[in-house]
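*Asks:* The sequence shown lines up with residues 49 to 89 when you count with the numbering used here.
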Amino acid sequence: MLFNFLLPMLAGLIKLALIIGVIAVLVFVAVAVVGKSSRSH
Numbered sequence: 049m050l051f052n053f054l055l056p057m058l059a060g061l062i063k064l065a066l067i068i069g070v071i072a073v074l075v076f077v078a079v080a081v082v083g084k085s086s087r088s089h
């Protein structure tokens, strides 16, 4: 009974974590690219 309730919640949390991870990586890459282009050596 409890397992049937926890499984969808766990799947939702994993999906949310994946989305947050992807967004964090995209933001990091964008900041790195902007920082490199603005600070041209």
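Glycine residues also receive a C-beta, built at the ideal position from the N, C-alpha and C atoms. Owing to the predicted nature of the structure, the values given are computational and were not obtained by experimental measurement.
1) Rounded to the nearest angstrom, what separates Leu74 and Ala65 at their Cα positions?
2) Whole angstroms is fine: what's the gap from Leu50's alpha carbon to Ile67's?
3) Given this structure, state the Cα-to-Cα distance separating Ala80 from Ala59, to the nearest angstrom.
*Replies:* By the coordinates alone:
1) 14 Å
2) 26 Å
3) 31 Å
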